[in-house]
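J.:
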Amino acid sequence: MMAFRLASSRFRMMELLNIMSSDNISSHEKINQLRTELAAYFGNPGFLKCQSMGQLVKTNLKQTLRKNLLLIRQNLGKFED
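For the sequence shown, my numbering gives the first residue as 11, with consecutive numbering after it.
Here it is, written out as structure tokens:
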């Protein structure tokens, strides 16, 4: 359900994540701590490239919802034909 809502409001979500990526909403120490812990937890070194809280949120959403978003894309393709 969360993936469907994300897909249906993707433009608003992208605007919000872009703003979060450019805004300083957390300290560098906390961002470094969170990206290191998320990379270790998920086993995904992509988190280590993130430089802002917005990038961390975006990467986490992609990591968590990847399978569901692929299913939504496949189903949308069936309806568009």
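Every residue gets a Cβ at the ideal spot worked out from N, C-alpha and C, and that includes glycine.
Here the structure is a predicted model, which means the values were calculated and not measured.
In angstroms with no decimal places, state the Cα-to-Cα distance between Leu27 and Lys72.
T.: Roughly 12 Å between the two C-alpha positions.
J.: Please state the DSSP three-state secondary structure of Ser62.
T.: Coil at Ser62, not helix or strand.
J.: Am I right that Ile41 and Ser62 are in contact with their C-beta atoms under 8 Å? What's the rounded C-beta distance?
T.: Rounded, the Cβ-Cβ distance is 7 Å, consistent with contact.
J.: Let's test the definition: count the other Cβ atoms within 10 Å of the Cβ of Leu58 and tell me whether it reaches 16, buried, or not, exposed.
T.: Answer is exposed; the Cβ neighbour count stays below 16.
J.: For Gly64 versus Ser19, is the C-beta spacing smaller than 9 Å?
T.: It is not a contact, given that the beta carbons lie outside the stated cut-off.
J.: Which two residues bound the contiguous alpha helix (DSSP H) that contains Asn28?
T.: That run of the alpha helix (DSSP H) goes Arg20 to Ser32.
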